[in-house]
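Below is one structure, written out as structure tokens; comments come after it.
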Amino acid sequence: MTTLIIEIPDTEVKEIANIVKAKGGSVFNASDDDDNLTQDELESLKRGLKEALLIKEGKMKGRPLSELLDC
């Protein structure tokens, strides 16, 4: 599976989500529940997802969990 982060018009979300689900994919809509997130929290989440994708692609080095727990 491939992970995509896309920005689409609000009016198209339902149709595109249905297409993705019909093809066996899953959809996470960051805009669905962003009312409870501050702008900083939402930006941090987006940045974290982008970093995770870069690590997965080998374009960025990840940090082992043991390194994070030893802080």
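Numbered per this note's numbering, the sequence shown spans residues 4 to 74.
Just so you know, even glycine gets a beta-carbon here, dropped at the ideal spot from N, CA and C.
Small disclaimer: the values here were computed from a predicted structure and weren't measured.
| Asked | Found |
| --- | --- |
| Neighbourhood of V23 by C-beta distance below 7 Å, restricted to the same chain and skipping five residues each side | V30 |
| Unbroken alpha helix (DSSP H) run spanning V23, endpoints | 16-25 |
| Within 8 Å, strictly: CB atoms of L52 and I8 | yes |
| Enclosing alpha helix (DSSP H) for E46 [first to last residue] | 42-59 |
| Residues near E54 in its chain [Cβ-Cβ closer than 8 Å; skip 5 each side] | M63 |
| C-alpha distance - E70 paired with E18, whole-angstrom precision | 43 Å |
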